[in-house]
Amino acid sequence: MKFDLRLDGKVAIVTGGAMGLGKGIAAGLASLGAGVVIADINEQIGQQTAQEIMADGGNVQFRAVDVTNAEQFQDFVEQVVKQFNRIDILVNNAGVAAKSHCIDMQVADWKRIIDINLTGSWLGCRAVAPVMIQQKSGKIINMCSMFGFTAMPGLSAYAASKGGVNQLTKALALELIEHNINVNAVAPAYIATELTANMRKDKERFNDIMARTPIKRLGTIEEIVGPVVFLASDLANFMVGHTMLVDGGWNAW
């Protein structure tokens, strides 16, 4: 029996890969042998991230992409295929969050969260699916959240977007598995990244979150990268439409 997480010869796209969790995922995939293309709207930081990973021996490139722009996303995927002749892994990681009571939230803020978190993931899947269907293989990993399963006041838009990602993962998994394409997701809790910086500075809010977290700490980037690279590997070939909760026990209550 052979257990192998290596991704040698695989081509991976990581959206939102310029910083934080996406940066860690890109580095993790590259460390296992995958050729990685980072897609992010932040060109300066994205280029720096690509250079850092390359300095560690990884095969990585950066492309400036707005995941909410359907035409731009499609053009980007076509460029990747033209260069590498295939796409084996897509990680839909690009995402944003904002805390606001529904009464105070502006329509533009709602649309931004839904467009990036949910529609952006769908656009990514739609763009790479024909490529993966033609090659009769592929792994798609959507980044969900524990708030795709539970809720908290002030996070109506974020919870709605991630609940949508959870259901999108299931629906697309059923549509694509006949082509040997596995669609799954990872749902983290609060992770120590730039996205949670403000929360960590708010002592009262941080203590409240820790009180609800059985493990009594934030997760690390490495603890999310592990499940992602597992789902990208052949070890996850029998996983279809599953969202892995990596939440320190939050949903065990």
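So for the sequence shown, the UniProt record's numbering puts the first residue at 1; every next one is plus one. The beta-carbon is built from N, C-alpha and C at its ideal position, and this holds for glycine as well. These numbers come from a predicted model, not from an experiment.
Determine the DSSP secondary structure at residue 263, reduced to helix, strand or coil. With the chain covering only 1 through 253, there is no way to say anything about residue 263.
With distances taken between CB atoms, is the gap from residue 184 to residue 118 smaller than 8 Å? no
What would DSSP say about residue 201, mapped onto helix, strand or coil? DSSP places residue 201 in the helix class (H, G or I) of the three-state scheme.
Report yes or no: do three or more beta-carbon pairs, one from the region 96-110 and one from the region 22-31, lie closer than 8 Å? no
Close Cβ partners of residue 45 (< 7 Å) along its chain, the five nearest in sequence each way excluded: 18 and 19
Taking residue 247 as the reference, which of 10, 143, 8 and 33 has the closest Cα? 143
Kindly list the residues whose CB is nearer than 6 Å to the CB of residue 127, restricted to its own chain and excluding five residues on each side of it in sequence; keep chain order. 73, 74 and 77
Which residue marks the beginning of the alpha helix (DSSP H) containing residue 166, and which one marks its end? Here the alpha helix (DSSP H) through residue 166 covers 156-176.
Tell me whether residue 85 is buried or exposed, calling it buried when 16 or more other Cβ atoms sit within 10 Å of its Cβ. Result: exposed.
Backbone CA spacing between residue 12 and residue 36 [nearest angstrom]: Residue 12 and residue 36 have their C-alpha atoms spaced approximately 5 Å apart.
Nearest to residue 90 (by Cα), restricted to the options 174, 141 and 134: 141
Strictly by DSSP, which residues pair up with residue 219? 191
Distance CB(residue 241)-CB(residue 150) smaller than 8 Å: By the CB criterion at 8 Å, residue 241 and residue 150 fall outside the cutoff.
Output needed for residue 93: all residues of its chain with C-beta closer than 7 Å, excluding positions within five of it in sequence on either side, in chain order. 14, 15, 16, 17, 21, 22, 25 and 143
For residue 55, count neighbouring Cβ atoms within 10 angstroms of its own Cβ and tell me buried if that reaches 16, exposed if not. Burial call: exposed.
Tell me whether the beta-carbon of residue 157 lies closer than 8 Å to the beta-carbon of residue 221. no
Taking only the alpha-carbon atoms, compute the straight-line gap between residue 202 and residue 30 and give it to the nearest angstrom. Residue 202 and residue 30: Cα-Cα distance of roughly 35 Å.
For residue 244, does the three-state DSSP call read helix, strand or coil? strand
Confirm, please, whether the CB-CB distance from residue 236 to residue 182 is below 8 Å. yes
First and last residue of the uninterrupted beta strand (DSSP E) at residue 83: Unbroken run through residue 83 is the alpha helix (DSSP H), 70-84; no beta strand (DSSP E).
Residue closest to residue 188, alpha-carbon to alpha-carbon, out of 160, 172 and 251: 251
By how many angstroms is the C-alpha of residue 195 removed from the C-alpha of residue 82? 34 Å
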